[in-house]
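Residue numbers (numbering that gives the first Met the number 0): 0 to 234. Here a beta-carbon is modelled for each residue, glycine too, at the ideal position from N, C-alpha and C. Report on the following structure.
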Amino acid sequence: MKKVLEVIHLDVYYGKAQILFDVGFTVNQGETVSLIGRNGVGKTTLLKAIMNIAVTKKGKILLNGADITNLPTHAIASKAVAYVPDYTGLIPGVSVYDNLRLAVGRKNIDITQAEEIYPEIRGLLNRRADSLSGGERKITALLRALLMNPTLLLVDEPTEGVSPIMATRIYGILDRMKKSGLTVLVVEQGTRFNVLSKIADRFMVMVGGKIVWESTTERVSEEIEQIKRFLAVGA
Ligand SMILES: Nc1ncnc2c1ncn2[C@@H]1O[C@H](COP(=O)(O)OP(=O)(O)O)[C@@H](O)[C@H]1O
Ligand SMILES: [Mg+2]
């Protein structure tokens, strides 16, 4: 199986404060891997470390076998890694269409691919990004990443603060992206575990900046029960 992302012995710091400790894992081509953990354990820091945003680190990060550990963020993004931060990163004062267009970097863009996944996007194109609901903002950010034609998608808490119905919709969108061949690393808190377990191939659990638990594909259904107990999520 082709390895798209390899994180090897990664220690991450903000200044002198160490946040991640010897983190190591692999995401294979076409997989959706989910990193779960409570608030403050270091999930966002891991995504920022992969993108080389505002952290110091030791260890190695490989993308399709090539070392990207110390590349500047824009160079990592230009290697087709799309990062959807928890705050979405949409530009508030401009239209949805312009948000999509600016991310792709062209004057005119074809949104067919986005429309196939979320037909309602057509009706939102002329709306200002800051007039969207929380869920619509999350979806727009995912579609924007998709239009950038990434090989690896990093998503931080795509369902944070949205209704359960919207969360199911958002996971449906992520599932479609996965089925189109995208490799996905999605970060969530344990509370979304029940829905997430339907679309992710593998799980990792983070506690205190360490990956304390990793599932294997073969035993995922038994392991889901174990993870639920671990996170104390209702069945
Ligand atoms: N820019 C920063 N400077 C210093 N400490 C930070 C910074 N960002 C986050 N932290 C700390 O790092 C830890 C992990 O944060 P974070 O990665 O945001 O966790 P999570 O995404 O799992 O909620 C927390 O203790 C948080 O306070
Ligand atoms: Mg976070």
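Alpha-carbon spacing of Ala-234 relative to Asn-193, whole angstroms: Note that Ala-234 has pLDDT 37, beneath the 50 cutoff, so the model's placement of it is unreliable and the number below is only indicative. Whole-angstrom Cα-Cα distance: 8 Å.
Range covered by the beta strand (DSSP E) that runs through Ser-33: Note, Ser-33: beta strand (DSSP E), 31-35.
Span of the beta strand (DSSP E), counted from its first residue to its last, around Arg-201: Here the beta strand (DSSP E) through Arg-201 covers 201-206.
3-residue-minimum beta strand (DSSP E) runs that sit fully inside the segment 112-174, ordered along the chain: The beta strand (DSSP E) runs of length 3 or more contained entirely in the segment 112-174 are, from start to end of the chain, 151-155.
As assigned by DSSP and simplified to three states, the class of Leu-62: Assignment of Leu-62 by DSSP, reduced to helix, strand and coil, places it in the strand class.
Thr-31 to Leu-195 span [Cα, whole Å]: The alpha-carbon atoms of Thr-31 and Leu-195 are separated by roughly 10 Å.
When Arg-228, Leu-131, Glu-221, Lys-56 are compared against Ile-90, the one with the closest alpha-carbon: Ranking Arg-228, Leu-131, Glu-221, Lys-56 by Cα distance to Ile-90 puts Leu-131 first.
Three-state secondary structure (DSSP) of Gln-188: Gln-188 falls in the coil class under three-state DSSP.
Residue environment, Ile-13, which counts as buried when at least 16 other CB atoms sit within 10 Å: In the sequence under discussion, the amino acid at residue 13 is Tyr, which differs from the Ile named in the question. Flag for Tyr-13 reads exposed.
Test: Val-194 CB closer than 9 Å to a CB of chain C: Structure shown: chain C not included; a single protein chain is present.
With 16 other Cβ atoms within 10 Å as the buried cut-off, status of Asn-107: By the neighbour-count criterion, in which a residue is buried when 16 or more other Cβ atoms sit within 10 angstroms of its Cβ, Asn-107 is exposed.
Spatially closest choice to Arg-127 from Ser-220, Asp-97, Ala-48, Ala-199, by CA coordinates: It is Asp-97 whose Cα lies nearest to the Cα of Arg-127.
Contact belief for Met-237 with Ala-102 at Cβ below 8 Å, rounded distance in angstroms: For the chain, the structure presents residues 0 to 234; residue 237 sits outside this window and is missing.
Proximity test, Leu-45 beta-carbon vs ligand 1 heavy atom, cut-off 8 Å: Under cutoff, so the answer is yes.
C-alpha distance - Thr-55 paired with Thr-72, whole-angstrom precision: Taking the straight line from one Cα to the other gives about 13 Å.
For Tyr-86, three-class secondary structure by DSSP: Three-state result, Tyr-86: coil.
Any 3 or more C-beta pairs closer than 8 Å across the segment 176-193 and the segment 140-158: Yes, since at least three Cβ pairs between the segment 176-193 and the segment 140-158 fall closer than 8 Å, the two stretches touch.
Where Val-26 falls, given that 16 or more other Cβ within 10 Å makes a residue buried: Buried is the label assigned to Val-26, since at least 16 other Cβ atoms lie within 10 Å of its Cβ.
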